[in-house]
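J.: Could you have a look at this structure, given as structure tokens, before my questions?
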Amino acid sequence: MYLIIPSYPSLFLAVDIFLKGEDITIVTSNKNIQKVASELGIPCVFKDFYRNRWSRFIMRFSLVSFISSLDKSKDIQLCDDVYCIEGFFLLSRWRRNGCYFNNLSYVFEDYKKPIFFADILKLHVLRFVWGIEFCYKNVNGRPALGVNHRFFDLNGIKYRQTHDYNDLKISVVKRLSLKVVSADHLFVLQGDLKGIIKTKSLRHLNRVISEVDSMVIKSHPRFSNSFEFTGHKSIPDHLPVELCLGGIKQSVVSIFSTVLITASYHSSLCSISLLDLVDWEDEEYRESVRGWLVNESRSRIIFPKTLSDLWPILKI
Numbered sequence: 026m027y028l029i030i031p032s033y034p035s036l037f038l039a040v041d042i043f044l045k046g047e048d049i050t051i052v053t054s055n056k057n058i059q060k061v062a063s064e065l066g067i068p069c070v071f072k073d074f075y076r077n078r079w080s081r082f083i084m085r086f087s088l089v090s091f092i093s094s095l096d097k098s099k100d101i102q103l104c105d106d107v108y109c110i111e112g113f114f115l116l117s118r119w120r121r122n123g124c125y126f127n128n129l130s131y132v133f134e135d136y137k138k139p140i141f142f143a144d145i146l147k148l149h150v151l152r153f154v155w156g157i158e159f160c161y162k163n164v165n166g167r168p169a170l171g172v173n174h175r176f177f178d179l180n181g182i183k184y185r186q187t188h189d190y191n192d193l194k195i196s197v198v199k200r201l202s203l204k205v206v207s208a209d210h211l212f213v214l215q216g217d218l219k220g221i222i223k224t225k226s227l228r229h230l231n232r233v234i235s236e237v238d239s240m241v242i243k244s245h246p247r248f249s250n251s252f253e254f255t256g257h258k259s260i261p262d263h264l265p266v267e268l269c270l271g272g273i274k275q276s277v278v279s280i281f282s283t284v285l286i287t288a289s290y291h292s293s294l295c296s297i298s299l300l301d302l303v304d305w306e307d308e309e310y311r312e313s314v315r316g317w318l319v320n321e322s323r324s325r326i327i328f329p330k331t332l333s334d335l336w337p338i339l340k341i
């Protein structure tokens with residue numbers, strides 16, 4: 026089976042299938058995914074589609090020849106309904122009865138707020154170029170290019186379901202833990218979060234956290250962080266942070282990274298969300314994120330209200 030993997034969430038499904046000894050080949054345009062697949066020995070087909078800002082308009086032509094290089098007798102599966110244009114196109118051109126969609130983690134709703142005319146125009150141009158019924162999904166309060174049930178229904182794509190994605194990730198982490206670093210605490214960055222968290226507030230929090238000893242840093246593989254953490258060990262950018270939890274002794278800290286959910290199921294780790302220690306652009310969205318974290322972790326994540334609350338939790 027081919028598994029289209031644009032980002033880390035679906036990588037865990039590929040690793041799970043691979044560890045079970047089943048047939049799996051990763052298809053990706055993400056260099057970090059390619060690196061991880063190579064290190065783990067998972068078969069991978071890599072194609073760099075996103076070379077410049079115009080790629081989403083012109084890569085259709087290279088995808089046609091790329092599809093011809095694949096074995097269409099195999100099944101193909103996609104686990105993301107946002108961003109992955111190449112995945113949507115592959116599914117739309119694959120043989121019927123061999124296409125599957127499995128939404129592993131967060132379900133993004135259709136974006137229902139008003140959007141700029143330029144975004145409307147881009148949507149219609151992309152629909153014309155690709156012949157795909159794109160829509161905008163709500164990702165962190167912003168419109169993101171994706172597809173919904175209409176696309177899957179029109180193309181005869183069958184649905185598969187992983188009943189508990191968190192259980193799957195935890196199972197993979199227990200079987201494959203990479204001890205690349207060792208530290209008491211792990212701080213997981215999510216980029217500058219512009220439009221979500223107020224910049225001044227986030228920079229202040231990063232500055233305070235940077236003073237904690239025995240803390241290792243994990244940057245986001247795609248979103249840059251303007252605050253530089255000096256004097257701290259870091260996990261290599263291409264590695265999924267969940268696979269590196271084996272080297273962390275006490276706590277995992279972030280604002281609302283999904284790794285908090287995975288870490289919350291580790292009996293030896295304390296999972297700490299800092300969403301109450303920064304100022305949000307949209308308070309309603311903060312509460313939505315909190316509810317998601319609480320629900321997915323089954324109330325295992327800790328939410329300190331002040332820095333004074335945080336230090337005893339970190340035991341410093």
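Residues in the sequence shown are numbered from 26 upward in steps of one, following this note's numbering. Even for Gly, the Cβ is constructed at its ideal location relative to N, Cα and C.
Quick one: any contact between the stretch 197-212 and the stretch 46-59, if contact means 3 or more CB pairs under 8 angstroms?
T.: At 8 angstroms Cβ cutoff, the stretches do not touch.
J.: Could you give the uninterrupted runs of the alpha helix (DSSP H) lying entirely in the stretch 226-305, keeping only those of 4 residues or more?
T.: Entirely contained in the stretch 226-305, the alpha helix (DSSP H) runs reaching 4 residues are, in chain order, 284-289.
J.: Expressed to the nearest angstrom, what Euclidean distance is found between the alpha-carbon atoms of I242 and Y136?
T.: Along the sequence shown, one-based indexing puts residue 242 at 217. Along the sequence shown, one-based indexing puts residue 136 at 111. When rounded, the distance between both Cα atoms is 33 angstroms.
J.: Using 8 angstroms as the cut-off, can you tell me whether the stretch 301-318 makes contact with the stretch 266-278, which would need three or more C-beta pairs spanning the two stretches below that distance?
T.: Result no; under three Cβ-Cβ pairs closer than 8 angstroms.
J.: What do you get for F176, buried or exposed, if any count of 16 or more other CB atoms within 10 angstroms of its CB means buried?
T.: As a working mapping, residue 176 is identified with position 151 in the sequence shown. It counts as buried.
J.: Tell me the start and end of each unbroken alpha helix (DSSP H) in the stretch 44-70 that is at least 4 residues and wholly inside, in chain order.
T.: Runs of the alpha helix (DSSP H) inside the stretch 44-70: 56-65.
J.: For a test of the three-state rule: what should DSSP assign to V197, helix, strand or coil?
T.: Mapped onto the sequence shown, residue 197 falls at position 172. Three-state result, V197: helix.
J.: Assuming R315 and L332 make a contact with CB atoms under 8 angstroms, what is their CB distance in whole Å?
T.: Here residue 315 refers to the residue found at position 290 of the sequence shown. Here residue 332 refers to the residue found at position 307 of the sequence shown. Not really, about 18 angstroms apart at Cβ, beyond 8 angstroms.
J.: If contacts are defined as beta-carbon pairs under 8 angstroms, then G216 and F254 qualify, I think. What distance do you get, rounded to the angstrom?
T.: Within the sequence shown, the letter at position 191 stands for residue 216. Within the sequence shown, the letter at position 229 stands for residue 254. Not a contact, Cβ separation roughly 13 angstroms.
J.: Along the chain, where does the beta strand (DSSP E) that runs through G316 open and close?
T.: Numbered from 1 along the sequence shown, position 291 holds the residue referred to as residue 316. Per DSSP, G316 belongs to no beta strand (DSSP E); it is in the alpha helix (DSSP H), 308-322.
J.: Could you check the C-alpha separation between S94 and F212 for me, to the nearest Å?
T.: By one-based count along the sequence shown, residue 94 stands at place 69. By one-based count along the sequence shown, residue 212 stands at place 187. So the two alpha carbons sit approximately 42 angstroms from each other.
J.: Closer than 8 angstroms is the cut-off here; do at least three beta carbon pairs connect the stretch 172-186 with the stretch 137-145?
T.: Segments in contact, no.
J.: Should the stretch 57-73 be regarded as contacting the stretch 35-49, the criterion being three or more beta carbon pairs within less than 8 angstroms?
T.: The stretch 57-73, when compared against the stretch 35-49, does touch it at the 8 angstroms Cβ threshold.
J.: Does the Cβ of F86 have 16 or more other Cβ atoms within 10 Å, making it buried, or fewer, making it exposed?
T.: The count along the sequence shown starts at 1 and reaches residue 86 at position 61. Exposed.
J.: Please give me, in chain order, every unbroken run of the alpha helix (DSSP H) with length at least 4 that falls completely inside the stretch 145-217.
T.: Qualifying alpha helix (DSSP H) stretches, in chain order: 174-179, 190-200.
J.: Would R185 pass as a contact of N127 if the rule is Cβ separation under 7 angstroms?
T.: Stepping through the sequence shown from its first residue, residue 185 is reached at position 160. Stepping through the sequence shown from its first residue, residue 127 is reached at position 102. Cβ distance < 7 angstroms, so R185 and N127 count as in contact.
J.: For R1, which residues of its own chain have a beta-carbon under 7 angstroms away from its beta-carbon, when the five flanking residues on both sides are left out?
T.: Residue 1 cannot be examined here, being either before or after the span of the chain that is shown, 26 to 341.
J.: For S292, tell me which candidate among S282, S298, S276, Y33 has the shortest Cα-Cα distance.
T.: As a first step, residue 292 is located in the sequence shown; it is residue number 267 there, counting from the start. Among S282, S298, S276, Y33, the Cα nearest to that of S292 belongs to S276.
J.: Ignore the nearest five residues each way along the sequence and tell me which others in R120's own chain have a CB closer than 7 angstroms to its CB.
T.: Indexing the sequence shown from 1 puts residue 120 at position 95. Once the five neighbours on either side are set aside, the close Cβ partners of R120 are K97.
J.: Name, in chain order, the residues that DSSP records as bridge partners for F350.
T.: Here the chain has residues from 26 to 341 only, and residue 350 is not among them.
J.: Quick check on this structure: which residue in Y33, C295, S251 has the alpha carbon closest to the alpha carbon of P337?
T.: The residue you call residue 337 lines up with position 312 of the sequence shown. Comparing Cα-Cα distances from P337 to each of Y33, C295, S251, the minimum goes to C295.
J.: Does DSSP classify Y75 as helix, strand or coil?
T.: As a working mapping, residue 75 is identified with position 50 in the sequence shown. In the structure shown, Y75 sits in coil (DSSP, three-state: anything other than H, G, I, E or B).
J.: Assign D41 to one of three DSSP states: helix, strand, or coil.
T.: Within the sequence shown, numbered from 1, the residue matching residue 41 stands at position 16. DSSP places D41 in helix when its eight states are reduced to three.
J.: What does DSSP give as the partner residues of D96 in its beta bridges?
T.: For the purposes of this step, residue 96 is taken as residue 71 along the sequence shown, with counting starting at 1. For D96, which the question treats as bridged, DSSP gives no partner whatsoever.
J.: Could you pull out every residue in the same chain whose Cβ sits closer than 6 angstroms to the Cβ of D105, ignoring the five residues on either side in sequence?
T.: For the purposes of this step, residue 105 is identified with residue 80 of the sequence shown, where counting begins at 1. For D105, where only same-chain residues beyond five positions count, the Cβ hits under 6 angstroms are P31.
J.: Return the residue from the list K274, R228, C109, E111 that minimises the CA-CA distance to I280.
T.: Within the sequence shown, residue 280 is the residue found at index 255, counting from 1. If we check each option's Cα against that of I280, R228 comes out closest.
J.: Cβ of N2 within 7 angstroms of Cβ of F133?
T.: Nothing can be reported for residue 2: it is not among the residues displayed for the chain, which extend from 26 to 341.
J.: Check whether the Cβ atoms of V107 and A39 lie closer than 7 angstroms to each other.
T.: Position 82 of the sequence shown, counted from the start, is the residue given in the question as residue 107. Position 14 of the sequence shown, counted from the start, is the residue given in the question as residue 39. Result no, Cβ atoms of V107 and A39 do not sit closer than 7 angstroms.
J.: Considering only the beta carbon of each residue, do I326 and L285 sit closer than 7 angstroms?
T.: Numbered from its first residue, the sequence shown carries residue 326 at position 301. Numbered from its first residue, the sequence shown carries residue 285 at position 260. For I326 and L285, yes; Cβs fall inside 7 angstroms.
J.: Kindly give me the distance between the Cβ atoms of K72 and M26, rounded to whole angstroms, as I take these residues to be in contact under 8 angstroms.
T.: Translated into the one-based positions of the sequence shown, residue 72 becomes position 47. Translated into the one-based positions of the sequence shown, residue 26 becomes position 1. Not really, about 18 angstroms apart at Cβ, beyond 8 angstroms.
J.: Opposite D135 in the DSSP bridges: which residues?
T.: Counting from one through the sequence shown, the residue named residue 135 turns up at place 110. BP columns for D135 point to K162.
J.: Distance, Cα to Cα, E321 vs Y290?
T.: Numbered from 1 along the sequence shown, position 296 holds the residue referred to as residue 321. Numbered from 1 along the sequence shown, position 265 holds the residue referred to as residue 290. Near 10 angstroms, if we compare the C-alpha coordinates of Y290 and E321.
J.: For L44, collect the residues of the same chain with a Cβ closer than 8 angstroms to its Cβ; drop the 5 residues on either side in sequence, then sort them by chain order.
T.: As a working mapping, residue 44 is identified with position 19 in the sequence shown. So the qualifying residues of the chain are V197, R200, L201.
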